[in-house]
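Report on one structure; see the data block that follows.
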Amino acid sequence: MNDDLFERGLEIRKAVIGAEFVDKALAAADDFNMPMQRLTTEYCWGAVWGRDGLPHKVRSMINLAMLSALNRPTEFKTHVGGALRNGVSQDEIREVLMQVAIYCGIPAGVEAFRLAKEAIADFERNEKS
87 MNDDLFERGL EIRKAVIGAE FVDKALAAAD DFNMPMQRLT TEYCWGAVWG RDGLPHKVRS
147 MINLAMLSAL NRPTEFKTHV GGALRNGVSQ DEIREVLMQV AIYCGIPAGV EAFRLAKEAI
207 ADFERNEKS
């Protein structure tokens, strides 16, 4: 494993999805799942999110579309908060989800809108406290 890439990934991961969330995930890691935490932090966040080819805002919008299409509700809700932190507006999230509804099907779009509404409310509540 690459410690420099891990540290870069950790910095980006905390900036996007929140330091509290990341710290909690790492603190809960044990011998069984710590390798997955390292893999995610190094390669997802360090190697890919750390690339210069796309701004984080665009990466967030792409993630929302892919996670909706893949029906990954927990990750989707986490990434709605990340998208908001990366400057994606609620209007832009709505447009991404409209695209999802057309290309992935109305049920996927309906579910994504429902989850996004919950995640936006959670984000706003947490930002106020």
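Under the working numbering, the first residue of the sequence shown carries the number 87, and numbering increases by one thereafter.
By construction, the Cβ of each residue, glycine as well, lies at the ideal position given by its N, Cα and C atoms.
All figures in this text were calculated on a predicted structure; none of them were measured in a lab.
Can you find the residues in the same chain that come closer than 6 Å, C-beta to C-beta, to residue i, ignoring five residues on each side of it along the sequence?
i       : result
Gly-168 : Val-102, Ile-103 and Ser-146
Leu-170 : Phe-209
Gly-95  : Thr-127, Glu-128, Trp-131 and Gly-132
Pro-121 : none
Can you tell me the Cα-Cα spacing of residue i and residue j, whole angstroms?
i       : j       : result
Glu-181 : Ala-111 : 30 Å
Phe-162 : Phe-92  : 23 Å
Asp-117 : Glu-204 : 33 Å
Lys-214 : Gln-123 : 29 Å
Glu-97  : Gly-195 : 31 Å
Identify whether residue i lies in helix, strand or coil by the three-state DSSP scheme.
i       : result
Pro-193 : helix
Trp-135 : coil
Skipping 5 residues on each side, what residues in its chain have a beta carbon closer than 8 Å to that of residue i?
i      : result
Asn-88 : Glu-128 and Gly-132
Can you tell which of the options has its C-alpha closest to the C-alpha of residue i?
i       : options                               : result
Thr-160 : Glu-93, Ala-113, Glu-197 and Ile-98   : Glu-197
Ala-202 : Ile-188, Phe-118, Met-184 and Ser-215 : Met-184
Ala-151 : Asp-138, His-165, Asn-212 and Leu-140 : His-165
Which same chain residues end up closer than 7 Å to residue i when comparing Cβ atoms and leaving out the 5 residues on each side of it in sequence?
i       : result
Lys-143 : Asn-172, Gly-173 and Val-174
Every unbroken alpha helix (DSSP H) within the segment 118-166, with a cutoff of 4 residues, ordered by chain
120-125 and 142-155
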